[in-house]
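> Numbering (our numbering), first residue to last: 1 to 288. Let me give you the structure first, and then I'll get to my questions.
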Amino acid sequence: MRSKLVTVRKVLGRVVAALAATLVVSLLLPVAPASAHGQLATSTPLKGTVVREPLTQLALYFTEKPASNAHFAISGPNGSRVDNGWSYGEPKRLDKPVTEYFMVDGVFEPRLYHTGFPAMVTVAHWPAKGRYTASYLSVASDGEAVRGEVTFDYQGPGTAAPAGWSAPTAGPDPALLAQAEGEGSTNSGPTGSPVAPTGAPADDPAGAAEEQRDSGFPAWLIPALIVVVVSVIVLVAARRRPAARGASAADRRPAGAVGRGGAATRKSASPTRKAGNRSSGPARRGRR
Numbered sequence: 001m002r003s004k005l006v007t008v009r010k011v012l013g014r015v016v017a018a019l020a021a022t023l024v025v026s027l028l029l030p031v032a033p034a035s036a037h038g039q040l041a042t043s044t045p046l047k048g049t050v051v052r053e054p055l056t057q058l059a060l061y062f063t064e065k066p067a068s069n070a071h072f073a074i075s076g077p078n079g080s081r082v083d084n085g086w087s088y089g090e091p092k093r094l095d096k097p098v099t100e101y102f103m104v105d106g107v108f109e110p111r112l113y114h115t116g117f118p119a120m121v122t123v124a125h126w127p128a129k130g131r132y133t134a135s136y137l138s139v140a141s142d143g144e145a146v147r148g149e150v151t152f153d154y155q156g157p158g159t160a161a162p163a164g165w166s167a168p169t170a171g172p173d174p175a176l177l178a179q180a181e182g183e184g185s186t187n188s189g190p191t192g193s194p195v196a197p198t199g200a201p202a203d204d205p206a207g208a209a210e211e212q213r214d215s216g217f218p219a220w221l222i223p224a225l226i227v228v229v230v231s232v233i234v235l236v237a238a239r240r241r242p243a244a245r246g247a248s249a250a251d252r253r254p255a256g257a258v259g260r261g262g263a264a265t266r267k268s269a270s271p272t273r274k275a276g277n278r279s280s281g282p283a284r285r286g287r288r
């Protein structure tokens with residue numbers, strides 16, 4: 001039985017190791033669907049940095065040109081806006097390429113972007129020191145929403161607002177909001193879902209094609225199925241292990257019972273011997 005227990009333990013060890021390896025591989029796999037296209041690549045200033053001089057513009061670099069109706073806003077420490085419109089800037093080569101994933105024949109494939117396309121957001125003034133937030137909302141060429149924010153600390157001198165300037169209050173364009181929420185798209189398939197153009201955008205010098213959506217087998221489902229199968233194997237093996245222990249205990253009990261029976265037999269035999277000795281006692285005395 002010890003050999004069986006050792007075998008079970010080895011099997012359980014291998015199963016647990018396989019499960020751990022599967023989980024690690026699943027975690028290391030790129031989460032492609034969460035990687036939005038046209039995402040923010042870098043910014044000036046960078047997120048979390050300290051600015052000590054009053055900048056006239058902030059630069060937000062994306063992997064493709066923002067939509068013409070994209071919305072940008074900059075809020076100061078007291079929550080009031082200090083932005084004064086935005087415009088396209090000159091593309092530049094990124095110091096660190098950005099990876100985005102595209103569906104090709106049911107498989108997500110990585111694609112590197114080396115060029116950043118900036119939106120230059122004008123800063124009207126710097127009212128005070130503290131935390132500033134630059135937020136953005138756009139829609140990528142494949143219909144996916146591109147949104148987020150960049151926060152940084154301003155520790156430079158305060159500047160006055162331009163004459164006649166007032167803090168903007170307008171929000172995003174309703175058409176932009178509809179596209180960002182998936183309610184509309186310039187290119188729609190029969191089901192109304194966004195469909196990427198077949199060619200690369202004309203304004204993208206990197207020449208990267210847009211994502212080709214496919215209704216094939218989801219890539220993320222494969223590691224999930226592996227984890228489920230391995231978990232079932234572990235549960236089955238764990239249930240068999242107590243059964244093996246019960247069998248070993250049952251095997252040991254008959255042996256113990258025989259031993260105790262044998263001991264009882266020997267004990268019962270001993271009085272007989274004593275009785276025989278006593279009966280022979282008088283005979284010996286008589287002979288004397």
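The C-beta atom is built at its ideal place from N, Cα and C for all residues, glycine as well. Note that the structure is a prediction, hence the values are computed from the model and not measured.
1. I'd like the span of the alpha helix (DSSP H) that includes L112, first residue to last.
2. With P97 as the anchor, note down where its beta strand (DSSP E) starts and where it stops.
3. Taking just the CA atoms, how far does Y101 sit from P33?
4. Roughly how many angstroms separate the alpha carbons of G143 and A178, rounded to a whole number?
5. Cβ atoms of G156 and A41: under 8 Å apart, would you say?
6. Check each candidate in A119, I74, L137 and name the one with the smallest Cα separation from E90.
7. Would you kindly work out how many angstroms separate the C-alpha atoms of R131 and D153, rounded to a whole number?
8. Indicate whether W126 and P54 have their beta-carbon atoms separated by less than 8 Å.
9. Note down, in chain order, each residue of its chain lying with its Cβ closer than 8 Å to the Cβ of T56, except the 5 sequence neighbours on either side.
10. Please return the same chain residues whose Cβ sits closer than 6 Å to the Cβ of S87, not counting the five positions on each side in sequence.
11. Please name the residue, chosen from R52, A59, N78, E109, that lies closest to A167 on a Cα-to-Cα basis.
12. Mapping DSSP to helix, strand and coil, what is L225?
13. When DSSP labels each residue in this structure, what does V139 get in the three-state scheme?
14. When the Cα of T49 is compared with those of P174, A175, V150, which residue comes out closest?
15. Once you ignore the five residues that flank P66 on each side, which residues in its own chain have a CB closer than 6 Å to its CB?
16. Please classify L55: does DSSP put it in a helix, a strand, or coil?
17. Would DSSP call A41 helix, strand or coil?
18. Once you ignore the five residues that flank S135 on each side, which residues in its own chain have a CB closer than 6 Å to its CB?
19. Is it right to say V82 is buried, meaning 16 or more other beta carbons lie within 10 angstroms of its own, or is it exposed?
20. Tell me, to the nearest whole angstrom, how far the beta carbon of V98 is from that of T63; I am working on the premise that it is less than 8 Å.
21. Could you check if G38 is buried or exposed, using at least 16 other CB atoms within 10 Å of its CB as the buried criterion?
22. Quick check on the burial criterion: 16 or more other C-beta atoms within 10 angstroms. Buried or exposed for R14?
23. With DSSP as the reference, label A145 as helix, strand or coil.
24. Please classify G76 as buried or exposed, where buried requires at least 16 neighbouring CB atoms within 10 angstroms.
25. Judging by CA-CA distance, which residue of A140, L94, K129 is the nearest neighbour of V51?
26. Check each candidate in R93, E181, A170, V227 and name the one with the smallest Cα separation from A140.
27. Please go through the same chain and pick out, in chain order, the residues whose beta-carbon is closer than 6 Å to the beta-carbon of A175, but skip the five residues on each side of it.
28. By how many angstroms is the C-alpha of H114 removed from the C-alpha of K96?
Taking the coordinates as given:
1. Translated into positions along the sequence shown, residue 112 becomes position 112. Counting along the chain, L112 falls outside any alpha helix (DSSP H), though it belongs to the beta strand (DSSP E) covering 107-123.
2. In the sequence shown, residue 97 corresponds to position 97, counting from 1. First-last of the beta strand (DSSP E) with P97: 92-104.
3. Along the sequence shown, one-based indexing puts residue 33 at 33. Along the sequence shown, one-based indexing puts residue 101 at 101. Unreliable positioning characterises P33 in this predicted model, as indicated by a pLDDT of 43, which lies under 50. The coordinate reading is nonetheless provided below. So the two alpha carbons sit approximately 8 Å from each other.
4. The residue you call residue 143 lines up with position 143 of the sequence shown. The residue you call residue 178 lines up with position 178 of the sequence shown. The alpha-carbon atoms of G143 and A178 are separated by roughly 11 Å.
5. The residue you call residue 41 lines up with position 41 of the sequence shown. The residue you call residue 156 lines up with position 156 of the sequence shown. Result no, Cβ atoms of A41 and G156 do not sit closer than 8 Å.
6. Your numbering for residue 90 matches position 90 in the sequence shown. When each option's Cα is compared against that of E90, the closest is A119.
7. Taking the first residue of the sequence shown as 1, we reach residue 131 at position 131. Taking the first residue of the sequence shown as 1, we reach residue 153 at position 153. If you take the alpha carbons of R131 and D153, they lie about 5 Å apart.
8. For this step, residue 126 is matched to residue 126 along the sequence shown. For this step, residue 54 is matched to residue 54 along the sequence shown. The answer is yes: Cβ separation under 8 Å.
9. Here the question's residue 56 lines up with position 56 in the sequence shown. Once the five neighbours on either side are set aside, the close Cβ partners of T56 are T122, V123.
10. Residue 87 sits at position 87 when you count from the first residue of the sequence shown. Closer than 6 Å at the Cβ level, and outside the excluded window around S87, lie M120.
11. For this step, residue 167 is matched to residue 167 along the sequence shown. Here the closest residue by C-alpha is N78.
12. In the sequence shown, the residue the question calls residue 225 occupies position 225. Residue state, collapsed to three classes: helix.
13. Numbered from 1 along the sequence shown, position 139 holds the residue referred to as residue 139. Three-state DSSP puts V139 in a strand.
14. In the sequence shown, counting from the first residue as 1, residue 49 sits at position 49. Closest by alpha carbon: V150.
15. Stepping through the sequence shown from its first residue, residue 66 is reached at position 66. Cβ within range, chain order: A119, S138.
16. For the purposes of this step, residue 55 is taken as residue 55 along the sequence shown, with counting starting at 1. In the structure shown, L55 sits in coil (DSSP, three-state: anything other than H, G, I, E or B).
17. On the sequence shown, residue 41 is found 41 positions in, with the first residue counted as 1. In the structure shown, A41 sits in a strand (DSSP, three-state: E or B).
18. Sequence index remark: in the sequence shown, residue 135 carries index 135 (1-based). Hits under 6 Å: A73, E149.
19. Against the sequence shown, residue 82 aligns to sequence position 82. Classification for V82: buried.
20. Locating residue 98 in the sequence shown gives position 98, counting from the first residue. Locating residue 63 in the sequence shown gives position 63, counting from the first residue. That pair is a contact at about 5 Å.
21. Stepping through the sequence shown from its first residue, residue 38 is reached at position 38. Buried is the call here.
22. Taking the first residue of the sequence shown as position 1, residue 14 is located at position 14. Answer is exposed; the Cβ neighbour count stays below 16.
23. Residue mapping note: residue 145 aligns to position 145 of the sequence shown, counting from 1. Correct three-state label for A145: strand.
24. Along the sequence shown, read from residue 1 onward, the residue named residue 76 stands at position 76. Buried, by the Cβ-count rule.
25. Mapped onto the sequence shown, residue 51 falls at position 51. Checking every option, the nearest Cα to that of V51 belongs to K129.
26. Working through the sequence shown from its first residue, we reach residue 140 at position 140. Of the candidates R93, E181, A170, V227, the one whose C-alpha sits nearest the C-alpha of A140 is E181.
27. Translated into the one-based positions of the sequence shown, residue 175 becomes position 175. For A175, where only same-chain residues beyond five positions count, there are no Cβ hits under 6 Å.
28. As a working mapping, residue 96 is identified with position 96 in the sequence shown. As a working mapping, residue 114 is identified with position 114 in the sequence shown. Roughly 7 Å between the two C-alpha positions.
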